[in-house]
Amino acid sequence: SSAAQVVHSAGRRFIVSPVPEARLKDQ
Amino acid sequence: AENTGVRVELAEEDDGKKSSIALKLWVEDPKKLKTKYKDNGAIEFTFDLENEVPEDVAQEMIESGFFHESDIKIVGKSIKDRVALIKWKRERTVLLQV
Numbered sequence: 010s011s012a013a014q015v016v017h018s019a020g021r022r023f024i025v026s027p028v029p030e031a032r033l034k035d036q
Numbered sequence: 002a003e004n005t006g007v008r009v010e011l012a013e014e015d016d017g018k019k020s021s022i023a024l025k026l027w028v029e030d031p032k033k034l035k036t037k038y039k040d041n042g043a044i045e046f047t048f049d050l051e052n053e054v055p056e057d058v059a060q061e062m063i064e065s066g067f068f069h070e071s072d073i074k075i076v077g078k079s080i081k082d083r084v085a086l087i088k089w090k091r092e093r094t095v096l097l098q099v
């Protein structure tokens with residue numbers, strides 16, 4: 010998987026993943 | 002909600018009970034941001050509807066390097082609009098049940 014995880018110093022977890030193609034077209 | 006160029010959606014089904022909910026944020030229109038977006042993809046995070054403030058999450062995203070300080074308002078507003086919509090839907094559901 011290409012998901013990456015960033016944990017902020019406040020403890021919040023940000024998970025970064027590719028934007029789904031279908032969602033980009035849904036505008 | 003106003004089109005900020007930053008889209009925030011639910012990353013899970015809202016059961017209407019949990020105060021903490023998973024959200025997903027991504028940039029739809031980089032031209033609406035003041036600074037160049039580093040194309041990080043979609044950022045998934047959990048948000049506590051009762052105890053958290055959208056602007057704080059926006060600040061954490063900036064500190065984590067996703068966005069530049071100049072874009073804090075646009076990111077904060079995008080989260081705020083989605084959170085308001087989730088809360089409104091929850092309230093409406095409760096009212097309909099009554």
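First to last, the sequence lines map onto chains A and B. Each number in the numbering used here corresponds to the 1-based position in the first sequence with 9 added. Each number in the numbering used here corresponds to the 1-based position in the second sequence with 1 added. All residues carry an ideal CB built from backbone N, CA and C; glycine is no exception.
Distance between beta carbons of residue j and residue i, contact taken as under 8 angstroms
{"i": "A12/A", "j": "V25/A", "result": "6 angstroms"}
{"i": "I44/B", "j": "F67/B", "result": "6 angstroms"}
{"i": "L26/B", "j": "S79/B", "result": "7 angstroms"}
{"i": "G6/B", "j": "K37/B", "result": "That pair is no contact at about 13 angstroms."}
Start and end residues, beta strand (DSSP E) containing residue i
{"i": "S26/A", "result": "R22 to S26"}
{"i": "V7/B", "result": "V7 to L11"}
{"i": "V95/B", "result": "V95/B -> not in any beta strand (DSSP E); alpha helix (DSSP H) instead, spanning I73 to Q98."}
{"i": "F127/B", "result": "The first residue shown for chain B is 2 and the last is 99, placing residue 127/B beyond what the model contains."}
{"i": "A13/A", "result": "A13 to V16"}
Contact set between residue i and chain A, taken where Cβ atoms lie within less than 7 angstroms
{"i": "E61/B", "result": "H17, A19 and R21"}
Element boundaries [alpha helix (DSSP H), containing residue i]
{"i": "A59/B", "result": "P55 to E64"}
Interface partners of residue i on chain A, CB under 9 angstroms
{"i": "I44/B", "result": "V15, F23, I24, V25 and S26"}
Proximal chain A residues relative to residue i, where beta-carbon distance stays under 8 angstroms
{"i": "N41/B", "result": "V25"}
Interface flag, residue i vs chain E, CB-CB below 8 angstroms
{"i": "Y38/B", "result": "No chain E appears in the structure shown, which is made up of the protein chains A and B."}
DSSP state of residue i mapped onto helix, strand, coil
{"i": "K25/B", "result": "strand"}
{"i": "K32/B", "result": "helix"}
{"i": "E70/B", "result": "helix"}
Mind listing which residues of the stretch 64 to 79 of chain B have their C-beta closer than 9 angstroms to chain A's C-betas, in chain order?
Of all residues in the stretch 64 to 79 of chain B, E64, S65, G66 and F67 have a Cβ within less than 9 angstroms of some Cβ in chain A.
When Cβ atoms are compared, which residues of the stretch 26 to 38 of chain B fall closer than 7 angstroms to chain A?
Under the 7 angstroms Cβ criterion, the stretch 26 to 38 of chain B contributes W27 and E29.
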